[in-house]
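Quick note, the sequence shown lines up with residues 1 to 75 if you use this note's numbering.
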Amino acid sequence: MAGTATIDRSAQSSIFNVLAAPFTALGRFLVLLAEANPKMRELDRLSRVTDEDLAAKGLTRDGEIRRIMGVNSYL
């Protein structure tokens, strides 16, 4: 005679979700915090500009990144 075993994994996954919830919330908060930073918003805007548009204005992507991030010295 053959028997079958049924494993209820929903209880395990719900416990995992409960334990992971604070870490998930913290991760989402840190992402929101980073995205709210004015430098990140400016870098996001820069990523949408083409190299040709920057060149037409006499700018370089590297120079703009240095300006946004406040890097004035060269290594």
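We put the CB at the ideal spot given by N, CA and C, even for glycine.
Note that this is a predicted model, so its numbers are computed, not measured.
Checklist entry - residue 59 by DSSP, collapsed to three states: which one? => result coil
Next on the checklist: Going by DSSP in three states, residue 70 sits in which element: helix, strand or coil?
Outcome noted: coil
Checklist entry - Hey, would you say residue 30 sits closer than 9 Å to residue 68, going by beta carbons? => result no
Item to check | Cα-Cα separation, residue 63 to residue 49 | outcome: 14 Å
Item to check | Reduced DSSP secondary structure (H/G/I, E/B, other) of residue 37 | outcome: coil
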